[in-house]
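In my numbering, the protein residues as written are 297 to 689.
C-beta: ideal position from N, C-alpha, C; glycine also.
The model shown is predicted, which means the values in this text are computed figures rather than measured ones.
Structure first, then comments.
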């Protein structure tokens with residue numbers, strides 16, 4: 297019996313590897329074609345005041361991510377595929393066309409939000425994907441159906457938008473999504489959830505191919521709203537399924553009773569950034585959807601870090617904190633780990649505040665230096681009266 301399971305595991309592993317290679321290759325080869333088409337048709341995003349870029353850039357990288365992820369997944373027939381993935385792919389198609397339209401014509405925020413809610417309802421109600429338990433965090437275990445469904449819908453919409461919000465510097469949204477989807481996919485593979493593992497690994501490989509061009513100084517492309525909507529949706533589904541799978545997992549060797557905390561830590565960059573930015577905007581009396589440069593990645597860039605340094609620092613923080621939480625999970629309860637998450641969030645707020653103060657000082661210094669330079673030039677420049685006194689003609 298063990299021999300059969302080992303052979304099955306090896307066979308599925310080979311399938312996952314082939315799907316990853318194919319997804320990566322499709323993205324790698326298709327993005328240059330997309331860039332050329334965007335250049336020919338003028339489908340470029342122009343830099344705006346809050347932008348970190350200075351030149352028009354193609355913004356349809358999400359097309360390659362969408363196609364390569366689906367092709368990589370659909371290469372195989374998985375016996376564990378159920379209603380959930382059918383609804384997920386239906387939602388992906390809806391979000392793909394929504395993103396395309398938004399990248400072309402800039403949709404109204406409420407229309408985008410409404411479409412995201414409909415997709416979330418499709419998955420939550422259509423496949424019964426819900427967070428049904430808080431695993432005893434602050435004494436909360438099983439949730440009533442209405443609370444569970446509404447909370448899960450909110451969670452999906454929030455995660456979709458959080459990946460859109462952190463897509464402000466090269467490689468950040470795509471890289472964090474790659475790490476998260478690969479992390480969840482690895483757990484699904486180790487627990488014989490092959491369809492979800494293939495979806496996660498296919499998207500991670502696709503994002504790796506995309507990052508090669510997103511970081512490129514000469515052949516750059518953005519994922520656009522097409523990409524961020526798709527990426528956020530898939531990661532949301534994987535994270536919720538990861539948490540929910542551990543509610544019913546009875547295997548003591550593979551169950552993660554700290555699954556909600558691990559999922560939050562793995563997605564801490566988009567979650568923390570969204571909470572902080574929305575909170576600051578509301579406190580300032582502004583719309584939480586009004587764009588600005590309050591994001592942590594903007595503060596890091598404004599303090600002198602490059603795009604690639606900013607992204608890699610946040611990659612490292614995500615991997616390190618997730619590993620640290622995984623190691624500590626056997627020593628602390630969920631409530632204790634959740635309190636440590638709150639402490640981590642406070643530390644994040646303090647770091648962001650310090651960066652904001654440093655940026656303000658830098659701008660003030662820059663302005664004062666310009667004024668001083670202007671004053672110095674005016675002092676050095678002889679007056680017209682003086683010029684005439686030495687040159688009557």
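Under the assumption that residue 518 contacts residue 368 (Cβ atoms under 8 Å), give the Cβ distance between them as a whole number of angstroms. Contact flag wrong, Cβ pair sits at about 22 Å.
Supposed contact pair residue 467 and residue 515 - C-beta distance, whole angstroms, cut 8 Å: The pair is not a contact, with the Cβ atoms about 14 Å apart (cut-off 8 Å).
Would you call the CB atoms of residue 588 and residue 572 closer than 9 Å? no
What do you reckon, are the CB atoms on residue 495 and residue 481 nearer than 9 Å? yes
For a minimum of 4 consecutive residues, which ranges assigned as the alpha helix (DSSP H) are wholly contained in the segment 441-492? 441-461, 468-486
Under the three-state reduction of DSSP, which class applies to residue 675: helix, strand or coil? The pLDDT assigned to residue 675 is 49, lower than 50, so where the model puts this residue is not dependable, and the model offers no usable value.
Rounded C-alpha distance that separates residue 619 from residue 583: 36 Å
Beta-carbon separation of residue 624 and residue 633 under 9 Å? yes
By a C-beta neighbour count over all protein chains shown, 10 Å radius and 16 as the cutoff for buried, is residue 309 buried or exposed? exposed
Can you pull the DSSP bridge partners for residue 340? 354
Leaving aside the five residues before and after residue 312 along the sequence, list all residues of the same chain whose C-beta is less than 7 Å from its C-beta, in chain order. 485, 493, 494, 497
Could you name the residues of the same chain whose beta carbon sits closer than 8 Å to that of residue 659, not counting the 5 residues immediately before and after it, in chain order? none
Which parts of the segment 497-585 are runs of the alpha helix (DSSP H), unbroken and 4 residues or longer, counting only runs that do not cross its ends? 520-544, 555-562, 564-579
Tell me whether residue 374 sits in a helix, a strand or coil according to DSSP, three-state version. coil
In terms of alpha-carbon separation, which member of 461, 446, 444, 380 lies closest to residue 593? 461
List the DSSP bridge partners of residue 607. Paired residues: none, contrary to the question.
DSSP three-state label for residue 429, please. strand
Going by C-alpha to C-alpha distance, which of 532, 506, 553, 630 sits closest to residue 329? 506
Going along the chain, which residues of its own chain have a beta-carbon closer than 6 Å to the beta-carbon of residue 603, five neighbours each way excluded? 465, 466
Alpha helix (DSSP H) segment containing residue 402, residue limits: That residue, residue 402, is in no alpha helix (DSSP H); it is neither H nor E in DSSP.
Per DSSP, residue 436 is paired with what? 433
Quick one: any contact between the segment 378-390 and the segment 558-573, if contact means 3 or more CB pairs under 8 Å? no
Helix, strand or coil, according to DSSP, for residue 601 in the structure here? coil
Beta-carbon separation (whole angstroms), residue 418 vs residue 429, contact threshold 8 Å: So it is not a contact: roughly 23 Å between Cβ atoms.
Please list, in chain order, all residues of the same chain as residue 362 whose beta carbon is under 8 Å from its beta carbon, the five residues on each side excluded. 388, 392, 522, 523, 526
Cα-Cα separation between residue 595 and residue 359, rounded to whole angstroms: 29 Å
Would you identify the three-state DSSP class for residue 654, choosing helix, strand or coil? helix
If the criterion is Cβ atoms closer than 9 Å, does the pair residue 554 and residue 641 meet it? no
Would you kindly work out how many angstroms separate the C-alpha atoms of residue 528 and residue 654, rounded to a whole number? 31 Å
Once DSSP output is grouped into helix, strand and coil, what is the label at residue 590? coil
In whole angstroms, give me the CA-to-CA distance for residue 646 and residue 325. 43 Å
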